[in-house]
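Number of protein chains: 2
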Amino acid sequence: MPGQQPERRRQARGRRRMEQLADAAAEVFAEVGYAKATTNAIAARAGVSPGTLYQFFANKEAIAEALAQRYQTALQSAHDKAFDPGFAALPLPELIERMIQPMIEVNLANPGFKALFNAADMPERLAAPTRQLHQAVVGRIAEVLAARAPDLPAGQLRITAVVATQIFGALLGTVVAAPAAERDPWVTELKRALQGYLEPVIGA
Amino acid sequence: MPGQQPERRRQARGRRRMEQLADAAAEVFAEVGYAKATTNAIAARAGVSPGTLYQFFANKEAIAEALAQRYQTALQSAHDKAFDPGFAALPLPELIERMIQPMIEVNLANPGFKALFNAADMPERLAAPTRQLHQAVVGRIAEVLAARAPDLPAGQLRITAVVATQIFGALLGTVVAAPAAERDPWVTELKRALQGYLEPVIGA
DNA sequence: CGAAATTACGAGTATTTGCTCGTGTTTGTC
DNA sequence: GACAAACACGAGCAAATACTCGTAATTTCG
Numbered sequence: 267m268p269g270q271q272p273e274r275r276r277q278a279r280g281r282r283r284m285e286q287l288a289d290a291a292a293e294v295f296a297e298v299g300y301a302k303a304t305t306n307a308i309a310a311r312a313g314v315s316p317g318t319l320y321q322f323f324a325n326k327e328a329i330a331e332a333l334a335q336r337y338q339t340a341l342q343s344a345h346d347k348a349f350d351p352g353f354a355a356l357p358l359p360e361l362i363e364r365m366i367q368p369m370i371e372v373n374l375a376n377p378g379f380k381a382l383f384n385a386a387d388m389p390e391r392l393a394a395p396t397r398q399l400h401q402a403v404v405g406r407i408a409e410v411l412a413a414r415a416p417d418l419p420a421g422q423l424r425i426t427a428v429v430a431t432q433i434f435g436a437l438l439g440t441v442v443a444a445p446a447a448e449r450d451p452w453v454t455e456l457k458r459a460l461q462g463y464l465e466p467v468i469g470a
Numbered sequence: 267m268p269g270q271q272p273e274r275r276r277q278a279r280g281r282r283r284m285e286q287l288a289d290a291a292a293e294v295f296a297e298v299g300y301a302k303a304t305t306n307a308i309a310a311r312a313g314v315s316p317g318t319l320y321q322f323f324a325n326k327e328a329i330a331e332a333l334a335q336r337y338q339t340a341l342q343s344a345h346d347k348a349f350d351p352g353f354a355a356l357p358l359p360e361l362i363e364r365m366i367q368p369m370i371e372v373n374l375a376n377p378g379f380k381a382l383f384n385a386a387d388m389p390e391r392l393a394a395p396t397r398q399l400h401q402a403v404v405g406r407i408a409e410v411l412a413a414r415a416p417d418l419p420a421g422q423l424r425i426t427a428v429v430a431t432q433i434f435g436a437l438l439g440t441v442v443a444a445p446a447a448e449r450d451p452w453v454t455e456l457k458r459a460l461q462g463y464l465e466p467v468i469g470a
């Protein structure tokens, strides 16, 4: 078992180092995924010795946690934008546009985001909260759908929400992986896919 | 570097062992993925010592290769069924049904299939042929689409094929992961998603 | 200044894991 | 039956890697 990190009064230099290390970790995670990312590589990327890394993070998991926490804020605000109650009455294409946009942006702005919130190669400790978050998103989508198709049974509602999420997740990968210049067509296609799937269920 | 496997006259017992080992590997790969699967675990699952495993396979990669080869046959026949030229004139829902069915079946019949043909955590040596295969599938889908929408530009054709493949792959995961009893609704949903996406492009 | 705390180093440790090797058993062939 | 080849074992090697520890520099603060 790795050593615990005692409470400690960080000085400015230390806080900077933690940011550097988190940045480095984000890069490395984005490049090779959580499992294959070595702590030594993260330290090296940050221009620091392995020992220094462990002055600030108890273990590899703790680094991912710090990153996740940093992302959580961004994700929260993206969700707030995406699930604006005012959208309920919008025509389907606009609704999709508004819900998708913030999520794409947050993924583009934070490389390594997908690596952390998707990864199948993470320890249970970190995967569990992520799954919860994912479930919450599905739930909120189901609500939006329910508002537009009140007579749909709850089971079908949930299935639809799950599938829509999955379509989004799959194509999101392509969108963020594409070079900036070729991104738009993929985004357009993502919207069309969601629209084509949802329109028969909840109407335009 | 791991030792090479010299040519060797296998006896019946040996060939059986190789099957057992491949079966065990399929299970382990399906459960934890390629990267996290340990050769010792595979040997243990087959009820055999690590040394014995290496009597038959030069290294971990070789096990995956053997499995991939075994699957390739099944995959080929699935493709042959899925891309029957006679389907070109079918109404869209039937076309989708016929193309999807064999692919789902082959995935259900072979656990570990997805783990091998999907995995982001595989060495380049194994990932490369898989990517090629994937590209080929996209190409064939593009052909089918072209037959039905002759005036669509090639670029759009390709994008559509890629997206359709991605939608399929994403939902396929859910379908095979679901317990047999709950599988049908997901398959239905998969069809609806593809239909919704493709109909506006190539008509019913 | 001077002591305590924090930051930094990097060689080294413990563990995991792909894989080997010496040894013994089983199978096929004459 | 005898000999060689194939099969099997499992302790253990070598490399990778998460993490530690002794030591030393820097910062804080009275």
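Protein sequence lines correspond, in order, to chains Z and Y.
Counted from 1, the first sequence has number 352 at position 86 by the working numbering; the numbering is strictly sequential.
Counted from 1, the second sequence has number 389 at position 123 by the working numbering; the numbering is strictly sequential.
Yeah, the Cβ is synthetic: ideal placement off N, Cα and C, and Gly gets one too.
Q) Which word fits Y:P368, buried or exposed, when buried means at least 16 other C-beta atoms lie within 10 angstroms of its C-beta? A) With 16 or more neighbouring CB atoms inside 10 Å of its own CB, Y:P368 falls in the buried class.
Q: Compile a chain-ordered list of the residues in the region 436-462 of chain Y whose CB is closer than 7 Å to at least one CB of chain Z.
A: A436, L437, T440, P451, E455, R458, A459 and G462
Q. With a cut-off of 9 Å, does the C-beta of Y:L423 fall near any C-beta of chain Z?
A. no
Q) Excluding sequence positions up to five away, which residues of its chain have a Cβ less than 7 Å from the Cβ of Y:T305? A) P316, L319 and K326
Q. Which residues in chain Y sit within 7 Å of Z:V429, going by Cβ to Cβ distance?
A. L437, E455 and A459
Q: Select from Z:R336, Z:R414 and Z:T396 the residue whose C-alpha is nearest the C-alpha of Z:G352.
A: Residue Z:R414 holds the alpha-carbon nearest to the alpha-carbon of Z:G352 among Z:R336, Z:R414 and Z:T396.
Q. Nearest chain Y C-beta to Z:T305 closer than 9 Å, yes or no?
A. no
(Q) Taking the alpha helix (DSSP H) that Y:N373 belongs to, which residues open and close that run? (A) L358 to A375
Q) So, helix, strand or coil for Z:E273, using DSSP? A) coil
Q.
When you compare the CB of Y:K302 with every CB in chain Z, is at least one pair closer than 9 Å?
A. yes
Q) Who are the Cβ neighbours of Z:W452 in its own chain at under 6 Å, not counting the five residues just before and after it? A) T440, V441 and A444
**Q.** Assigned secondary structure, Y:T304 (DSSP; H/G/I helix, E/B strand, else coil)
**A.** In this structure, Y:T304 counts as coil in the three-state DSSP scheme.
Q.
By the three-class DSSP mapping on this structure, what secondary structure does Z:L456 have?
A. helix
(Q) Using a Cβ-Cβ distance cut-off of 9 Å, determine whether Y:T426 contacts chain Z. (A) Taking Cβ atoms only, chain Z reaches closer than 9 Å to Y:T426, which makes this a yes.
**Q.** 9 Å Cβ cutoff, Z:P395 in contact with chain Y
**A.** no
Q: Spell out whether any CB of chain Y is found under 9 Å from the CB atom of Z:A470.
A: By this cut-off, Z:A470 is not an interface position.
Q) Helix or strand or just coil, what does DSSP make of Z:P389? A) coil
Q: Return helix, strand or coil for Y:V314, following the three-state DSSP convention.
A: If DSSP states are grouped into helix, strand and coil, Y:V314 belongs with coil.
Q) Are the Cβ atoms of Y:F322 and Y:G280 separated by less than 9 Å? A) yes
Q. Does DSSP classify Z:P416 as helix, strand or coil?
A. Correct three-state label for Z:P416: coil.
Q) When the cut-off is 9 Å and only beta carbons count, does Y:L464 lie next to chain Z? A) yes
Q: State whether the region 327-342 of chain Y contacts the region 379-399 of chain Y, with contact taken as three or more CB pairs (one from each stretch) at a distance under 8 Å.
A: In short, these stretches touch, since the Cβ pair count reaches three.
Q. Does any CB atom of chain Z fall closer than 9 Å to the CB of Y:D387?
A. yes
Q. Using a C-beta cutoff of 9 Å, does Z:I407 count as contacting chain Y?
A. Among the CB atoms of chain Y, none fall inside 9 Å of the CB of Z:I407.
Q: Figure out for me which residue from Y:R275, Y:Q277, Y:I308 and Y:E297 has the closest Cα to the Cα of Y:A288.
A: Y:I308
Q) Among Z:V429, Z:A292 and Z:R275, which has the Cα closest to the Cα of Z:Y337? A) Z:A292
Q.
For Z:V298 and Y:K302, I'd like the C-alpha separation in whole angstroms.
A. 14 Å
Q. When we look at the beta-carbon of Z:E455 and count the other beta-carbons within 10 Å, is it buried (16 or more) or exposed?
A. Classification of Z:E455: buried, given that the 10 Å Cβ count is 16 or more.
Q. Checking contacts by CB at 9 Å: is Y:G378 closer than that to chain Z?
A. With 9 Å as the cut-off, Y:G378 does not count as an interface residue toward chain Z.
Q) Smallest Cα separation from Y:Y463: which of Z:R449, Z:E331 and Z:L437? A) Among Z:R449, Z:E331 and Z:L437, the Cα nearest to that of Y:Y463 is on Z:L437.
Q. Using a Cβ-Cβ distance under 9 Å, would Y:I370 count as near chain Z?
A. no
Q) Y:V467 and Y:T426 look like a contact to me (Cβ under 8 Å); what is the Cβ gap, rounded to whole Å? A) 6 Å
Q.
On the DSSP letters alone, give me the boundaries of the alpha helix (DSSP H) that Y:D346 sits inside.
A. K326 to A348
Q: Along the alpha helix (DSSP H) that carries Y:F379, what are the first and last residues, could you check?
A: F379 to N384
Q: Using 10 angstroms around the beta-carbon of Z:Q432, count the other beta-carbons present and answer buried if the total reaches 16, otherwise exposed.
A: buried
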